[in-house]
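Scroll down for the structure; my scribbles are underneath it.
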Amino acid sequence: MDHQVKVATLIPGQRTAAGPLADDIRRCVACGICLTVCPTYQVTLEEWQSPRGRIAAMRAVAEGRAPLNERFAAFMYDCLACRACEAVCPSGVPFGRMVEAARVEAERVVRRPLTVRLSRWILLNWALKSRRRFARFVRLLDLYRKIPGRRVLAGIAPGLKMAEAQFGQATDRVDLPERLTPAGPVAGRAVLLTGCVMDFWFRPAHLATARTLVAAGYEVVIPRDQWCCGALHFHNGQPENGRRLAADLVRTVLNYGPDVIVTNSAGCGSVLKEYAELLAETPGAEAAVEFGRRVRDIHEVLLAAPELPNLRPVRRRVVVENPCHLVHAQRLAGVTRQLLGRVPELEVIEPRDANRCCGAAGIFGLERPDMSARLLNDKLAALEPFRPDEIVSANPGCLLQLRTGARERGWNIPIRHPVELFAEGLADG
Amino acid sequence: MTVQIHQRSAVLEAFRAAGIRQVLTDPVEVAIFAKDACPLDQAMPAFVVVAESADDVVAAVRVCNRFSLPFTARGAGTGISGGAVPVEGGVVISLAKLNRILEVDPENRCAWVGPGLVNLQLSEHVRPYGLHYAPDPSSYMVSTIGGNVAENAGGPHCLAYGVTTNHILGLELVLPTGEVVTLGGKAAEYPGFDLRGLVVGSEGTLGIVTRVLVKLTPNPPELRTLLISFRSLADAAAAVSAVIAAGVIPVALEMMDRPCLEVIEEYVHAGYPADAEAVLIVEVDGLPGKVAAEAEQVAQIARAHNAVEVRLATDPEQRARLWFGRRAAFGAIAKLKPNYYLHDFVVPRTRLVEVLTQIRTICEKYGFVPLNVFHAGDGNLHPLIVYDYAEAGAYERALRAGQEIIRVCIAAGGTLSGEHGIGIEKRDLMPLVFSPEDLAAMRRLKRAFDPNNLANPDKLLPLETAGQEAAH
Ligand SMILES: Cc1cc2nc3c(=O)[nH]c(=O)nc-3n(C[C@H](O)[C@H](O)[C@H](O)COP(=O)(O)OP(=O)(O)OC[C@H]3O[C@@H](n4cnc5c(N)ncnc54)[C@H](O)[C@@H]3O)c2cc1C
Ligand code: SF4
Ligand code: SF4
Numbered sequence: 001m002d003h004q005v006k007v008a009t010l011i012p013g014q015r016t017a018a019g020p021l022a023d024d025i026r027r028c029v030a031c032g033i034c035l036t037v038c039p040t041y042q043v044t045l046e047e048w049q050s051p052r053g054r055i056a057a058m059r060a061v062a063e064g065r066a067p068l069n070e071r072f073a074a075f076m077y078d079c080l081a082c083r084a085c086e087a088v089c090p091s092g093v094p095f096g097r098m099v100e101a102a103r104v105e106a107e108r109v110v111r112r113p114l115t116v117r118l119s120r121w122i123l124l125n126w127a128l129k130s131r132r133r134f135a136r137f138v139r140l141l142d143l144y145r146k147i148p149g150r151r152v153l154a155g156i157a158p159g160l161k162m163a164e165a166q167f168g169q170a171t172d173r174v175d176l177p178e179r180l181t182p183a184g185p186v187a188g189r190a191v192l193l194t195g196c197v198m199d200f201w202f203r204p205a206h207l208a209t210a211r212t213l214v215a216a217g218y219e220v221v222i223p224r225d226q227w228c229c230g231a232l233h234f235h236n237g238q239p240e241n242g243r244r245l246a247a248d249l250v251r252t253v254l255n256y257g258p259d260v261i262v263t264n265s266a267g268c269g270s271v272l273k274e275y276a277e278l279l280a281e282t283p284g285a286e287a288a289v290e291f292g293r294r295v296r297d298i299h300e301v302l303l304a305a306p307e308l309p310n311l312r313p314v315r316r317r318v319v320v321e322n323p324c325h326l327v328h329a330q331r332l333a334g335v336t337r338q339l340l341g342r343v344p345e346l347e348v349i350e351p352r353d354a355n356r357c358c359g360a361a362g363i364f365g366l367e368r369p370d371m372s373a374r375l376l377n378d379k380l381a382a383l384e385p386f387r388p389d390e391i392v393s394a395n396p397g398c399l400l401q402l403r404t405g406a407r408e409r410g411w412n413i414p415i416r417h418p419v420e421l422f423a424e425g426l427a428d429g
Numbered sequence: 430m431t432v433q434i435h436q437r438s439a440v441l442e443a444f445r446a447a448g449i450r451q452v453l454t455d456p457v458e459v460a461i462f463a464k465d466a467c468p469l470d471q472a473m474p475a476f477v478v479v480a481e482s483a484d485d486v487v488a489a490v491r492v493c494n495r496f497s498l499p500f501t502a503r504g505a506g507t508g509i510s511g512g513a514v515p516v517e518g519g520v521v522i523s524l525a526k527l528n529r530i531l532e533v534d535p536e537n538r539c540a541w542v543g544p545g546l547v548n549l550q551l552s553e554h555v556r557p558y559g560l561h562y563a564p565d566p567s568s569y570m571v572s573t574i575g576g577n578v579a580e581n582a583g584g585p586h587c588l589a590y591g592v593t594t595n596h597i598l599g600l601e602l603v604l605p606t607g608e609v610v611t612l613g614g615k616a617a618e619y620p621g622f623d624l625r626g627l628v629v630g631s632e633g634t635l636g637i638v639t640r641v642l643v644k645l646t647p648n649p650p651e652l653r654t655l656l657i658s659f660r661s662l663a664d665a666a667a668a669v670s671a672v673i674a675a676g677v678i679p680v681a682l683e684m685m686d687r688p689c690l691e692v693i694e695e696y697v698h699a700g701y702p703a704d705a706e707a708v709l710i711v712e713v714d715g716l717p718g719k720v721a722a723e724a725e726q727v728a729q730i731a732r733a734h735n736a737v738e739v740r741l742a743t744d745p746e747q748r749a750r751l752w753f754g755r756r757a758a759f760g761a762i763a764k765l766k767p768n769y770y771l772h773d774f775v776v777p778r779t780r781l782v783e784v785l786t787q788i789r790t791i792c793e794k795y796g797f798v799p800l801n802v803f804h805a806g807d808g809n810l811h812p813l814i815v816y817d818y819a820e821a822g823a824y825e826r827a828l829r830a831g832q833e834i835i836r837v838c839i840a841a842g843g844t845l846s847g848e849h850g851i852g853i854e855k856r857d858l859m860p861l862v863f864s865p866e867d868l869a870a871m872r873r874l875k876r877a878f879d880p881n882n883l884a885n886p887d888k889l890l891p892l893e894t895a896g897q898e899a900a901h
């Protein structure tokens, strides 16, 4: 045969010019099976909006057949990083870490509108630096919501419009206890991670998480000195900043001697579980392994615990939406359905496309507002016929996104974390 | 045949002027269309036309003619013989967006569909009518009807129902020179040349299919599935022949060998007997009485051929369990090693055992264990060699083993391809099965359709020698 294989520059074990490891790129056999689950491909039918296409772009840059250019960067940020592709890939292509690595390279050539650049900077590089800063950011948002002429402002800066639509009134004034102990024998000590967005907008979910952990026999510690896990940074081309936050979190949390480290945010959970890999070759590597080994999503803890006694019936119809980072990244499929299935008389519906991205995907709405809105719209349209009394989803980004969509459609139903609903079934509530 | 810079903008202008909205030219963009699922080759096109209508396809083909640019149609790019690999500097015409179901005619059990429609989506769409589209290549959840037509794709259920060509009643074709013709149609017979039949399996070398009239098949009232294990490959193969000789035509008759079973068990725990040398999955369908009798007959024949175990499934859930391992086989195998080289030949059923044994010997010589999961009913072998490109020389060894395997299959009276096509992968092997006269006739045919040699050139037929090429 006269054909040659043009893969000379893909050297095993080496990182490529596109970002990902050569081995990861070569793993893809281009079978296209992932196209069937990729939300961006399914709505566009465009190969460059597909996992296989994105990998082909990485391969082209890695092999030097195409330059690392603006189009490449755009393709990497067109992706939701929802990792649905990874979960179905027969060849085990680790797409999540590939697109993360490619985004780091993409940052060098990416072009963004000024407003998007500014919003990204405010959020990733200013607000998320520390809890104090973030508190200020939240107060500013609250203030902004009171400005009468804000629509005009929002017209100029789409980031503001999104901020207003997504972030409702903050709930950080709800008090969280520092420590809770069960009445009976103690199963172990659980440190509850409160995060950034979760802590300012979803305190009720934290309270419910703590209560269910106590009911499951855990001593619960909620450290005041913890902060953000860096997930948004890792996912958006800023691993250095992510690593800084991660190292701090590891150090702080391990000080409290946890048996388990519990998160109720799927996006954070997926990153927390990968700390060992993300912090490898840093001074904190060993601690990161230790930390990563103890991380559990709240669903995992509760499903592994013996059946909680005396769950009260809750007569309601709930629709379950599964965050990508729970089902695809952490591979915890069906856990919300299972958990809520334990609540007597609760009618739990998991729609056919419950595992499909709602378009939230971290700060995707900022990068690609049209696609984000389209996916949200599809999701809610599919959900409508069920006429649910409430919707649950185990990730803050998804909750904010779903709430925005529901508000636009005039739906007046609770949209909250499943653990809040579960906790309602606890007898002592 | 690369495009000069000054010509490039003229071509782009011409595409735009012809009303085509999406034309890609950036190197990152076109690189995404450089290859299909065949590991052997890739090439950078200069342009990718993303067709949004059949008119776009016609327009694109005409522009290609004006500038003498070779063009390659692309469906879902799941082909594994390199059919959708463009000519370097040529044009890819992507058909993925032409996925509309244009008309369903339940009375006549047929439907007009766009070529970009995904196979499975067609079956899902017509399910309410109690119908389905029968050919089911393992890639059916991704591959397109147009791509299936071009490759004359087959699948597990093609044994009784026939491969793609038996299910294509008509099609609309954009000729390589830009004229549009309709071939075949709803009537049972058309006098004259069967050009429809000619286009099916032509791998995009005779033009681009823009609409397809597919036959729809009623869903069978009842299905039974048997999973039968044997201690020897020879027993399993003899049972296959005996079943067919007895006049039973199962809808599917799949065989998996021991290495394959071991991998399936290890990774997906399908509950298959991992100590068996061979396992058959046999499916029969039809009216309830007939199905029960046929299933019993198959079981009896199997026992007479020393089957160690026969499992029978009647309800959909049990059936799904028996199929589960077979359907997951690809995924499981991929977990073994990241890269694979999948072959595709048809050998006479009577020589299955002999060929399988030879394949194993060849592979072992090169340090591989071949895995076999294939359509035993029609002797369509799919030996699979898995390797890791990161191991030095593994890829080259896989290629060399492949070459030897091909020769063994042909020596045993086999053909070059069961269902995956010739493409680039096997074009230079065509002289092994066709005489120079045969090939010359094919070339004349190609030229009659495509005088400018622009429609997916250098595929299917062996490359001509430099001298011949200079002659035209
Ligand atoms: C995991 C896997 C399993 C597979 N299993 C099977 C199997 O069981 N059976 C089987 O037969 N094949 C199988 N294949 C091979 C492949 O899926 C088939 O060949 C399929 O028919 C290709 O369809 P496609 O839409 O991907 O076409 P592409 O790969 O895009 O194109 C294939 C060829 O068709 C041409 N073409 C595409 N559309 C048109 C059109 N509208 N008009 C004219 N020419 C066109 C292209 O130019 C190319 O030559 C498998 C592939 C994979 C990756
Ligand atoms: S499923 Fe995996 S191997 Fe197949 S194309 Fe997608 S990423 Fe590549
Ligand atoms: S991560 Fe999600 S959006 Fe990105 S390629 Fe994979 S499936 Fe598509």
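These protein sequences, in sequence, are chains W and B. Counting from 1, one number per residue, gives the positions in the first sequence under my numbering. Counting from 430, one number per residue, gives the positions in the second sequence under my numbering. Where is the CB? At the ideal position from N, CA and C, for every residue including glycine. Since the model is a prediction, treat every value here as computed from it, not as a measurement.
query, result
"Span separating the alpha-carbon of VAL5 of chain W from that of GLU63 of chain W", "Low confidence applies here, because VAL5 of chain W scores a pLDDT of 43, under 50, leaving its location unreliable and the question unanswered by this model."
"Cross-chain neighbours of ASN528 of chain B in chain W, by beta carbon under 8 Å", "LEU45"
"Continuous beta strand (DSSP E) assignments of at least 3 residues falling wholly in the region 579-646 of chain B", "597-603, 609-613, 637-644"
"Same chain only: Cβ atoms within 8 Å of LEU10 of chain W, ignoring 5 sequence neighbours per side", "THR16, ALA22, ILE25, ARG26, ARG59, ALA62, GLU63"
"Environment of GLN14 of chain W [buried if 16+ CB atoms lie within 10 Å]", "exposed"
"Reference PRO745 of chain B; option with closest CA among B:PRO880, B:ALA460, B:VAL628, B:GLU651", "B:GLU651"
"Contained alpha helix (DSSP H) runs [length at least 4] in the region 801-874 of chain B, N- to C-terminal order", "823-840, 859-862"
"VAL708 of chain B - partner residues in DSSP beta bridges", "B:SER658, B:MET685"
"Alpha helix (DSSP H) segments (min. 4 residues) lying fully within the region 333-387 of chain W", "335-341, 364-367, 369-383"
"Alpha-carbon to alpha-carbon, ILE461 of chain B and GLY53 of chain W", "5 Å"
"Within 9 Å of chain W by C-beta, residues of the region 749-772 of chain B in sequence order", "ALA757, PHE759, GLY760, ALA761, ILE762, ALA763, LYS764, PRO767, ASN768, TYR769"
"Minimum Cβ-Cβ distance from GLN897 of chain B to chain W less than 8 Å", "The pLDDT assigned to GLN897 of chain B is 45, lower than 50, so where the model puts this residue is not dependable, and the model offers no usable value."
"Within-8 Å CB hit, ASP455 of chain B to chain W", "yes"
"Any non-hydrogen atom of ligand 2 within 7 Å of ARG52 of chain W CB", "yes"
"For ARG120 of chain W and CYS228 of chain W, the rounded distance between their alpha carbons", "16 Å"
"Proximity test, Cβ basis, 8 Å: GLY92 of chain W and chain B", "yes"
"Amino acids of chain W, ordered along the chain, whose beta-carbon sits closer than 8 Å to that of MET570 of chain B", "ILE33, THR36"
"Simplified DSSP state of GLY19 of chain W, which is helix, strand or coil", "coil"
"Opposing strand residues paired with LEU771 of chain B [DSSP bridges]", "B:LEU813"
"Chain W contacts made by the region 494-514 of chain B, where a contact means CB separation under 8 Å", "ALA505, GLY506, THR507"
"Residue from B:THR639, B:VAL603, B:LEU598 whose Cα sits closest to the Cα of ARG625 of chain B", "B:LEU598"
"Any 3 or more C-beta pairs closer than 8 Å across the region 688-696 of chain B and the region 819-827 of chain B", "no"
"Segment contact, 8 Å Cβ cut-off, at least three pairs: the region 873-892 of chain B with the region 535-546 of chain B", "no"
"Within chain B, partners of ASP23 of chain W - CB distance below 7 Å", "ALA819"
"Amino acids of chain B, ordered along the chain, whose beta-carbon sits closer than 8 Å to that of PRO351 of chain W", "Correct list: empty, because the minimum Cβ distance to chain B is about 17 Å."
"Chain W within 8 Å of GLU460 of chain B, Cβ atoms only", "A small correction: the amino acid at residue 460 of chain B is Ala; Glu does not occupy that position in the sequence shown. So yes, ALA460 of chain B belongs to the interface."
"Residues of the region 320-350 of chain W whose Cβ lies closer than 8 Å to any Cβ of chain A, in chain order", "In the displayed structure, chain A is absent; the protein chains listed are W and B."
"Distance CB(ARG117 of chain W)-CB(MET76 of chain W) smaller than 8 Å", "no"
"Beta-carbon gap between SER91 of chain W and ALA763 of chain B smaller than 8 Å", "yes"
"Proximity test, PRO886 of chain B beta-carbon vs ligand 1 heavy atom, cut-off 7 Å", "no"
"Under the three-state DSSP convention, the category VAL776 of chain B falls into", "coil"
"Among W:LEU193, W:VAL197, W:PRO182, nearest to LYS129 of chain W - alpha-carbon criterion", "W:VAL197"
"Among B:ILE835, B:ASN581, B:THR634, the one whose alpha carbon lies nearest that of ASP773 of chain B", "B:ILE835"
"GLU738 of chain B: first and last residue of the uninterrupted beta strand (DSSP E) it sits in", "736-742"
"DSSP beta-bridge partners of PHE476 of chain B", "B:VAL520"
"Proximity test, Cβ basis, 8 Å: VAL29 of chain W and chain B", "yes"
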